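Student: Just dropping this structure here.
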Amino acid sequence: MDERGALPEVMGEVRALLALIGESAALRAFLSDRTLDMRQSTEGLEAVLAAQGFGDALRRFAGVVAANRRLVRLADFLAAVLAFDASRRGELVVEVRSAQTLTPAQRATLQARLAEAGYARVSIAEYVAPELIGGLVVRIGASLFDTSIRGRLSRIQNVMKGAA
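Quick note on numbering: the sequence shown equals residues -5 to 158 in the working numbering.
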């Protein structure tokens, strides 16, 4: 695929589909719906991808995922593809979970803070996790930085349990 020069385009589509999954609660609900049979889920996903203008390579990849009844893990597979591409280019993958989609300004600030911390060549994999309530959870390799409200509440709860 890379020999034909299609790899950058496909990686852009992978990022776009991952962002679409993160932004659309309806799409996430569809992907996790276990009541649909293989034909329904494959056709439904194909219709969504075609309507959004995704290319043939990504649609075939998603079709294989649907045929193997793994649509609930589609975002994980897309993130793994991005991580593989980043490592191939010598970049470190930074996983960022937030309650809402990051704005371009927030993304630029995060990139600047990572560069200050010594992580200049990074690829950011973003996930939307509404259960965080607010803030970010950033994973860099084995290190986890949790500034989410859910994490803070959990830490307060643990401290209160220890005091009782």
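Note that the Cβ used here is the ideal one computed from N, Cα and C, for glycine as well.
On a predicted model such as this, the values are computed, not experimentally measured, just so you know.
Should A102 be flagged as near chain B, meaning a C-beta pair shorter than 8 Å?
Tutor: Although the question refers to chain B, the structure presented lacks it and comprises just one protein chain.
Student: Hey, how far is the Cα of S142 from the Cα of P124?
Tutor: Cα-Cα distance, rounded: 11 Å.
Student: Strictly by DSSP, which residues pair up with F139?
Tutor: Looking at the DSSP assignment, F139 forms a beta bridge with V132.
Student: I'd like to know whether the C-beta atoms of L68 and R91 end up nearer to each other than 8 Å.
Tutor: The answer is no: Cβ separation not under 8 Å.
Student: A60 and T35 - do their beta-carbons sit closer together than 8 Å?
Tutor: The residue asked about is misnamed: residue 35 is Ser in this sequence, not Thr. For S35 and A60, yes; Cβs fall inside 8 Å.
Student: For A77, report the span of its beta strand (DSSP E) as first-last.
Tutor: Not the beta strand (DSSP E): A77 falls in the alpha helix (DSSP H), residues L68 to R82.
Student: Is the Cβ-Cβ distance between L14 and L21 less than 8 Å?
Tutor: For L14 and L21, yes; Cβs fall inside 8 Å.
Student: Answer yes or no: do L52 and L65 have a C-beta to C-beta separation smaller than 8 Å?
Tutor: No, the pair does not count as a contact, with Cβ atoms beyond the cut-off.
Student: Can you tell which of Y121, L96, V75 and E89 has its C-alpha closest to the C-alpha of L138?
Tutor: When only C-alpha atoms are compared, the closest one is E89.
Student: One question on the structure: do E17 and T95 come within less than 8 Å of each other, judged by their Cβ atoms?
Tutor: Taking 8 Å as the Cβ cut-off, E17 and T95 qualify as a contacting pair.
Student: Looking at C-alpha atoms only, which residue of L76, L108, G128 and V58 is the closest neighbour of M5?
Tutor: Nearest C-alpha to M5: L76.
Student: Just to confirm, are G49 and E3 a CB contact at a threshold of 8 Å?
Tutor: For G49 and E3, yes; Cβs fall inside 8 Å.
Student: For L72, which of M154, L12, R133 and V153 has the nearest alpha-carbon?
Tutor: Residue L12 is the option with its Cα nearest to L72.
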